[in-house]
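*Asks:*
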Amino acid sequence: MQDLTDLYQSVILDHNRRPRNRGKLPTANRVAHGDNPSCGDQCTVYLRLDGDRIGDISFEGSGCAISQASASLMTLNLKGKTAPEAETIYAGVHELVTTGKVDEDNLSDLAALAGVHQFPARIKCATLGWHAALNALKGDPITATTETHKD
Amino acid sequence: MQDLTDLYQSVILDHNRRPRNRGKLPTANRVAHGDNPSCGDQCTVYLRLDGDRIGDISFEGSGCAISQASASLMTLNLKGKTAPEAETIYAGVHELVTTGKVDEDNLSDLAALAGVHQFPARIKCATLGWHAALNALKGDPITATTETHKD
Amino acid sequence: MNPPWPNVRADFPVLHQQVNGKPLVYLDNGATSQKPRSVIDALVRYYERDNSNVHRGLHTLSMRATDAYEGARTRIANFINAADPAEIIFTRGTTESINLVARSWGHAHLKPGDVVLTTEFEHHSNLVPWQQAAKASGATLKYVPLLGADGEGGLDLAALDKLLTPQVKLFAFTHISNTLGTINPVAELCRKARAVGAVTVIDAAQSIGHIPLDVRQIGCDFLAFSGHKMCGPTGIGVLYGRRDLLDQLAPDETGGGMVVNVSYEQATWKPSPERFEAGTPNVADAIALGAACNYLDALGRDQIAAHDTALVKVAMEKLSALPGIRIIGPRVGAERSGLVSFAFANVHAHDVVTFADEDGVALRGGHHCNQPLMRKLGLTSTTRASFYLYNTEEEIDRLVASLQRIQKFFAG
Amino acid sequence: MNPPWPNVRADFPVLHQQVNGKPLVYLDNGATSQKPRSVIDALVRYYERDNSNVHRGLHTLSMRATDAYEGARTRIANFINAADPAEIIFTRGTTESINLVARSWGHAHLKPGDVVLTTEFEHHSNLVPWQQAAKASGATLKYVPLLGADGEGGLDLAALDKLLTPQVKLFAFTHISNTLGTINPVAELCRKARAVGAVTVIDAAQSIGHIPLDVRQIGCDFLAFSGHKMCGPTGIGVLYGRRDLLDQLAPDETGGGMVVNVSYEQATWKPSPERFEAGTPNVADAIALGAACNYLDALGRDQIAAHDTALVKVAMEKLSALPGIRIIGPRVGAERSGLVSFAFANVHAHDVVTFADEDGVALRGGHHCNQPLMRKLGLTSTTRASFYLYNTEEEIDRLVASLQRIQKFFAG
Ligand SMILES: Cc1ncc(COP(=O)(O)O)c(C=O)c1O
Ligand SMILES: Cc1ncc(COP(=O)(O)O)c(C=O)c1O
Chain A
1 MQDLTDLYQS VILDHNRRPR NRGKLPTANR VAHGDNPSCG DQCTVYLRLD
51 GDRIGDISFE GSGCAISQAS ASLMTLNLKG KTAPEAETIY AGVHELVTTG
101 KVDEDNLSDL AALAGVHQFP ARIKCATLGW HAALNALKGD PITATTETHK
151 D
Chain B
152 MQDLTDLYQS VILDHNRRPR NRGKLPTANR VAHGDNPSCG DQCTVYLRLD
202 GDRIGDISFE GSGCAISQAS ASLMTLNLKG KTAPEAETIY AGVHELVTTG
252 KVDEDNLSDL AALAGVHQFP ARIKCATLGW HAALNALKGD PITATTETHK
302 D
Chain C
303 MNPPWPNVRA DFPVLHQQVN GKPLVYLDNG ATSQKPRSVI DALVRYYERD
353 NSNVHRGLHT LSMRATDAYE GARTRIANFI NAADPAEIIF TRGTTESINL
403 VARSWGHAHL KPGDVVLTTE FEHHSNLVPW QQAAKASGAT LKYVPLLGAD
453 GEGGLDLAAL DKLLTPQVKL FAFTHISNTL GTINPVAELC RKARAVGAVT
503 VIDAAQSIGH IPLDVRQIGC DFLAFSGHKM CGPTGIGVLY GRRDLLDQLA
553 PDETGGGMVV NVSYEQATWK PSPERFEAGT PNVADAIALG AACNYLDALG
603 RDQIAAHDTA LVKVAMEKLS ALPGIRIIGP RVGAERSGLV SFAFANVHAH
653 DVVTFADEDG VALRGGHHCN QPLMRKLGLT STTRASFYLY NTEEEIDRLV
703 ASLQRIQKFF AG
Chain D
715 MNPPWPNVRA DFPVLHQQVN GKPLVYLDNG ATSQKPRSVI DALVRYYERD
765 NSNVHRGLHT LSMRATDAYE GARTRIANFI NAADPAEIIF TRGTTESINL
815 VARSWGHAHL KPGDVVLTTE FEHHSNLVPW QQAAKASGAT LKYVPLLGAD
865 GEGGLDLAAL DKLLTPQVKL FAFTHISNTL GTINPVAELC RKARAVGAVT
915 VIDAAQSIGH IPLDVRQIGC DFLAFSGHKM CGPTGIGVLY GRRDLLDQLA
965 PDETGGGMVV NVSYEQATWK PSPERFEAGT PNVADAIALG AACNYLDALG
1015 RDQIAAHDTA LVKVAMEKLS ALPGIRIIGP RVGAERSGLV SFAFANVHAH
1065 DVVTFADEDG VALRGGHHCN QPLMRKLGLT STTRASFYLY NTEEEIDRLV
1115 ASLQRIQKFF AG
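Chains as they are written, first to last, in this note's numbering: chain A, 1 to 151; chain B, 152 to 302; chain C, 303 to 714; chain D, 715 to 1126.
#1: Can you list, in chain order, the residues of its chain whose CB lies under 6 Å from that of V561 of chain C, leaving out five sequence neighbours each side?
#2: Between the beta-carbon of R394 of chain C and the beta-carbon of G581 of chain C, is there less than 8 Å?
#3: If you measure from the beta carbon of P737 of chain D to each beta carbon in chain C, is any gap under 8 Å?
#4: For H942 of chain D and D14 of chain A, what's the separation of their Cα atoms in angstroms?
#5: I want to verify the contact list: residues of chain A whose CB lies under 8 Å from the CB of F657 of chain C, in sequence order.
#6: In or out: E967 of chain D buried (at least 16 other Cβ within 10 Å) or exposed?
#7: Any heavy atom of ligand 1 inside 7 Å of the beta-carbon of C934 of chain D?
#8: Looking at C-alpha atoms only, which residue of B:D260, B:L285 and B:A283 is the closest neighbour of Q160 of chain B?
#9: Chain G beta carbons: is any one of them nearer than 8 Å to that of N563 of chain C?
#10: Taking all protein chains shown into account, decide if R493 of chain C is buried (16 or more other Cβ within 10 angstroms of its Cβ) or exposed.
#11: Can you find the residues in the same chain that come closer than 8 Å, C-beta to C-beta, to A65 of chain A, ignoring five residues on each side of it along the sequence?
#12: Classify Q706 of chain C: buried if its beta carbon has 16 or more other beta carbons within 10 angstroms, exposed otherwise.
#13: Beta-carbon within less than 8 Å of Q336 of chain C's beta-carbon, same chain only, minus the 5 sequence neighbours each way: which residues are those?
#14: Taking 7 Å as the cut-off, is the C-beta of Q732 of chain D nearer than that to any heavy atom in ligand 2?
#15: Relative to the alpha-carbon of A262 of chain B, which residue among B:K275, B:D157, B:V253 and B:F270 has its alpha-carbon at the smallest distance?
#16: Leaving out five residues on either side along the sequence, give the residues of the same chain with a beta carbon under 7 Å from the beta carbon of E576 of chain C.
#17: Counting only Cβ-Cβ distances shorter than 9 Å, please list the residues of the segment 37-48 of chain A near chain C, keeping chain order.
#18: Considering Cα atoms alone, identify which of C:A435, C:L472 and C:Q605 is closest to W307 of chain C.
#19: Just to confirm before moving on: does the CB-CB distance between G483 of chain C and P632 of chain C stay below 8 Å?
#20: Counting along the chain, where does the beta strand (DSSP E) carrying V248 of chain B start and finish?
#21: State buried or exposed for A86 of chain A, treating a residue as buried only when at least 16 other CB atoms are found within 10 Å of its CB.
#22: Hey, does L959 of chain D have any beta-carbon neighbour from chain A nearer than 8 Å?
#23: Given the structure, does T809 of chain D come close to ligand 1, in the sense that its CB is under 7 Å from one of the ligand's heavy atoms?
#24: Taking Cβ-Cβ distances below 9 Å as the criterion, which residues of the segment 996-1010 of chain D are in contact with chain C?
#25: Cβ closer than 9 Å: which chain C residues qualify as neighbours of A69 of chain A?
#26: Determine which residues of the segment 668-691 of chain C have a Cβ less than 7 Å from any Cβ of chain D, and write them out in chain order.
#27: Can you give the Cα-Cα distance for N36 of chain A and T44 of chain A, rounded to whole angstroms?
#28: Going by DSSP in three states, I382 of chain C sits in which element: helix, strand or coil?
#29: Drop a sphere of 10 angstroms on the beta-carbon of T684 of chain C, count the other beta-carbons inside from all chains shown, and report buried for 16 or more, exposed for fewer.
#30: Alpha carbon to alpha carbon, how far is R916 of chain D from D330 of chain C?
#31: Quick one: grab the DSSP three-state call for K678 of chain C.
#32: Give every residue of the same chain whose Cβ lies closer than 7 Å to the Cβ of A756 of chain D, excluding the five residues on either side of it in the sequence, and list them in chain order.
#33: What residues in the segment 484-513 of chain C bring their beta carbon closer than 8 Å to a beta carbon of chain D?
#34: Cβ of A132 of chain A less than 8 Å from any chain D Cβ?
#35: Distance check for F804 of chain D and D961 of chain D, CA to CA, integer angstroms please.
#36: For the candidate residues A:D6, A:R30, A:R22 and A:P26, whose alpha-carbon lies nearest to that of L134 of chain A?
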């Protein structure tokens, strides 16, 4: 096993302790829910689409430090983005948590998630909030469950 | 394993080759069927009760040499007997095929079945016809299946 | 507090390894137990010497395999004091056993207006099958409440008395809760159920390998357990059923081995246990389960229970001293089985498990297949340490030290 | 005619023993195969090193167990060329796999007026479940006839074309007959069934370990097999199902591990394969089944098939020379799988088996879970010799010599 500090970097711990944009978003016009049935983690993402851009975004839910921090980071990174931009960012996150490769300049603080790739059982934790956000963007009210995804 | 000639004594071979009282009994007033579901052996016993005695008895069916010979021997030994007498004779047969002990004078030719006790898988074969006969005597038309009996 | 059998740990090969550079401390026995050498050897011996299909064979290997398989059935009947080996049906495990009753018995006996009773703290495997049986039949599923904000009060027996109306056709409950550690008064529950004519089903998954268990003394109608939680292999379990009930029951699965006569039009069934064991059974694992019974009885199930109890008492005392910990189930000092479930305010169970694993300590974190109970207690997950015959007090100290490190890291 | 792999017999510990003072000749492979050392070792290694519950665990042993279990699923998907590991559901064996489809699919899709089609020579495990599904739904069960007084003509394909109306919702058939040795043209049967919109279910119990098998080339919807007939352990088998069909299917059993959300009122299901694997799965045996796939592929399934074929050809020739023998299934020289079933006019199959056993030769005698077929052929039982990769021509000679002795004894 790799050193746990790779997984629990200070960015992660910080976002876990003080999650950003946590709570219901009163002005939301989109909402989607994500489930990680293997471990019981849950995440609801609220977002307000202003035209084709995410005007505001928040999350609620419960789960491990990785899932909470990743959802918190997600809100910071998706605000102001269009759906295609969000997809691109998630593609980078997915690459990151599955391979650990940090080669995109624009990943910035998300690079803290790189340690996840050494803990395959935690990849689902790191992607839960993202799946819910992408579903909300698609206007897909169906619950995202990490079991149907190959990650 | 004991020598097979213990199991397949000449009496058994003889009764297998030339079964006595085989075939339907036109005058029968009782009939019962026996099944050995593990191996597919079947036996139907026909008997005519004259008062409380077995006036005549026959069997039909298919099965291994042990089951055929035992059914054939059964017809010879039960003819003329009352139900209680038949029960007593069967008790001796049961003792014989499960323990190999031949201590009853009146077992006579049935002693040929003693070898069966060394082949526990064949005990059901040796008792199939007897179960059917006892059921017929009781007027019990239900199929005797050796699986419900502890032997 | 060390196991009362000298060198018992030497019987379990898996225990003697390093995990992340530390000696393994296996405290996930509630999920599955480890296997002694004698059980592993039973598997090897079977495959190396006797392997053959059972029942319909007359050659030497087949007769040996049949004798060993039926011998295992008799051994298990004896292990739980069943009246008759025909009352022992081999299944894959607790879950399949309960499904068998829920489907076969439920289909034959449940109708609209009937009530199926269970409790608020059942494992999903003793809950969802009853939801399905109720749905299929139009019966209503009701729950006996759990007392206490931390579930420390056990079953609400007064509420049970009110719930136990003549409409109740079946009462299914766990012997030991896999999440709370609560030990239900099973004989008393069976007595109460019988008084209203309800059939009883006991989930013995957590009790079978841990305490002496006598189905006739308990007075249950059905009882389900898994081999893998009692030193046996995976893939084998048991449904115990009272003979008279089993003989009335229709088969659940059909196929080879459970039929008397088959024509192109119809089929007739053998009596129990064959009726409920369609197809080639799990011969090797059934035989190894018999070996597990031998192993446990050689140690003594009363002694195993005493060791479990001693360990959990120490663990409760030491864990209670950790700041911010919430322990669910019976309070320190109260009767409970050899497991303890807890939550920290600021560290999620999965992070606890990951950190403990770095220290070589194997724990389980999550909802423990008890989602409705978690919700009732206002939790999403707990961390569970579950003990067994080979655990030591030193291992509890390793657990506590690891938890202290975790708290420090996340307080950081 | 000896196995094309030097020393392959050394891989199978069970073969190296005396039975009744004679070296064992194991010719009961149709009932179950023997296990190579590598499969036994996979079990031992799992229990000695990795044993833990799967799926919901985050500690090292649990992650190792999960990886090995899911790795076995992927290995088996690859073994039968399934498109997706999620199409592989672990069951206890062929019988349970077929019951799962008959119940879940049957319950959802069959209604009065529908036809379920099967053949006149199915194993009870691929017959009785369809009788039950038809009975439960009001559908009609029909049989594709078998041609020839000895069943030598195979399926009546002209009759099949007539039977395959749009009312046929499902067509279940065996790949290889365990009694006749007939190899069905499965790809053709699937094509015909698909043309009328019928779902296909293949019983691959006798083919899986013996010939190369590719579900996508065959084009079936469901396929069932058992591990124990393909060098794997008892207690594990597979239901292959096309992903789109599985995702529409309701679960058969419910409980832990297959649910997403559970409340006291209701539950929702995970997708396949978890949806169909309630409770703790048979982890160890699934992993060992993966090892069996590796073993068979290392030898080469085409080579195994060739060896089977060569053995059965020799056996057919030598057996045909015995006076008074009646061989059922395809004639000498025709394509057939590596087993042969025969009957003597004057010696019952059970007596044959008992005598052969005295010579160390393990055979099977009886109805082979094919009662209606036996009746159709005017038989009550046959003796079956079934070959596998480790059998030799010398063993066939031992068989023939034993049969000669038997005939002599009973001719007396
Ligand atoms: C053709 C066929 N189908 C089904 C089965 C049933 O397999 P199992 O008993 O492993 O469930 C068998 C083997 O007995 C078989 O030969
Ligand atoms: C109380 C309880 N019931 C049922 C089960 C289910 O047992 P299995 O998964 O072996 O079927 C378990 C274990 O997971 C349990 O702890």
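Glycine included, C-beta positions come from ideal geometry on N, C-alpha and C.
*Replies:* Well, looking at it:
#1: As a working mapping, residue 561 of chain C is identified with position 259 in the third sequence. The residues are A569.
#2: Translated into positions along the third sequence, residue 394 of chain C becomes position 92. Translated into positions along the third sequence, residue 581 of chain C becomes position 279. No, the Cβ-Cβ distance between R394 of chain C and G581 of chain C is not below 8 Å.
#3: Looking up residue 737 of chain D in the fourth sequence gives position 23. Not one chain C Cβ lies under 8 Å of P737 of chain D.
#4: For the purposes of this step, residue 942 of chain D is identified with residue 228 of the fourth sequence, where counting begins at 1. For the purposes of this step, residue 14 of chain A is identified with residue 14 of the first sequence, where counting begins at 1. Roughly 53 Å between the two C-alpha positions.
#5: Counting from one through the third sequence, the residue named residue 657 of chain C turns up at place 355. Here the neighbours are L4.
#6: For the purposes of this step, residue 967 of chain D is taken as the residue at position 253 of the fourth sequence. Burial call: buried.
#7: In the fourth sequence, the residue the question calls residue 934 of chain D occupies position 220. Not under cutoff, so the answer is no.
#8: The residue you call residue 160 of chain B lines up with position 9 of the second sequence. Minimum Cα distance to Q160 of chain B is reached at B:D260.
#9: Considering every chain present, this structure includes no chain G. Its protein chains are A, B, C and D.
#10: Reading the third sequence from its first residue, position 191 is the one you call residue 493 of chain C. Its Cβ having fewer than 16 others within 10 Å, R493 of chain C is exposed.
#11: Within the first sequence, numbered from 1, the residue matching residue 65 of chain A stands at position 65. Cβ within range, chain order: Y8, I12, L13 and N16.
#12: To locate residue 706 of chain C, count along the third sequence from 1; it is residue 404. By the 10 Å Cβ count, Q706 of chain C comes out exposed.
#13: Here the question's residue 336 of chain C lines up with position 34 in the third sequence. If we look at Q336 of chain C and ignore the five residues flanking it on each side, its Cβ neighbours are F314, V316, L317, Y328, C533, Y690 and Y692.
#14: As a working note, residue 732 of chain D is residue 18 in the fourth sequence. Q732 of chain D Cβ: outside cutoff for every heavy atom of ligand 2.
#15: Sequence index remark: in the second sequence, residue 262 of chain B carries index 111 (1-based). Checking every option, the nearest Cα to that of A262 of chain B belongs to B:V253.
#16: Here residue 576 of chain C corresponds to residue number 274 of the third sequence, with the count starting at 1. So the qualifying residues of the chain are G559 and M560.
#17: S38, C39, G40, D41 and Q42
#18: In the third sequence, the residue the question calls residue 307 of chain C occupies position 5. Nearest C-alpha to W307 of chain C: C:Q605.
#19: Locating residue 483 of chain C in the third sequence gives position 181, where the first residue counts as 1. Locating residue 632 of chain C in the third sequence gives position 330, where the first residue counts as 1. Yes, Cβ-Cβ distance for G483 of chain C and P632 of chain C is below 8 Å.
#20: Position 97 of the second sequence, counted from the first residue, corresponds to residue 248 of chain B. Careful: V248 of chain B lies outside any beta strand (DSSP E), inside the alpha helix (DSSP H) at A234 to T250.
#21: Walking along the first sequence from the start, residue 86 of chain A turns up at place 86. A86 of chain A is buried by the Cβ-count criterion.
#22: Sequence index remark: in the fourth sequence, residue 959 of chain D carries index 245 (1-based). Cβ-Cβ to chain A under 8 Å: no for L959 of chain D.
#23: Counting from one through the fourth sequence, the residue named residue 809 of chain D turns up at place 95. For ligand 1, at least one heavy atom lies less than 7 Å from the Cβ of T809 of chain D.
#24: Per Cβ criterion, the list reads N996, V997, A998, D999 and A1000.
#25: Numbered from 1 along the first sequence, position 69 holds the residue referred to as residue 69 of chain A. Ordered by position in chain C, no residue passes the 9 Å Cβ test against A69 of chain A, which lies about 11 Å from the chain.
#26: Taking 7 Å as the Cβ-Cβ cut-off against chain D, the residues of the segment 668-691 of chain C that qualify are G668, C671, Q673 and P674.
#27: Taking the first residue of the first sequence as 1, we reach residue 36 of chain A at position 36. Taking the first residue of the first sequence as 1, we reach residue 44 of chain A at position 44. Rounded to whole angstroms, N36 of chain A and T44 of chain A show a C-alpha spacing of 12 Å.
#28: Position 80 of the third sequence, counting from 1, holds the residue named residue 382 of chain C. Note: I382 of chain C maps to coil in three-state DSSP.
#29: Along the third sequence, one-based indexing puts residue 684 of chain C at 382. Buried: at least 16 other Cβ atoms inside 10 Å.
#30: In the fourth sequence, residue 916 of chain D corresponds to position 202, counting from 1. In the third sequence, residue 330 of chain C corresponds to position 28, counting from 1. It should be noted that the sequence gives Ile, not Arg, for residue 916 of chain D. Computed Cα separation, rounded: 40 Å.
#31: Indexing the third sequence from 1 puts residue 678 of chain C at position 376. It is helical.
#32: As a first step, residue 756 of chain D must be located in the fourth sequence, where it is residue number 42. Once the five neighbours on either side are set aside, the close Cβ partners of A756 of chain D are I1001, A1002 and A1005.
#33: none
#34: Here residue 132 of chain A refers to the residue found at position 132 when the first sequence is read from its first residue. Not one chain D Cβ lies under 8 Å of A132 of chain A.
#35: The residue labelled residue 961 of chain D in the question sits at position 247 within the fourth sequence. The residue labelled residue 804 of chain D in the question sits at position 90 within the fourth sequence. In a straight line, the C-alpha of D961 of chain D is about 16 Å away from that of F804 of chain D.
#36: Taking the first residue of the first sequence as 1, we reach residue 134 of chain A at position 134. Answer by Cα proximity: A:R30.
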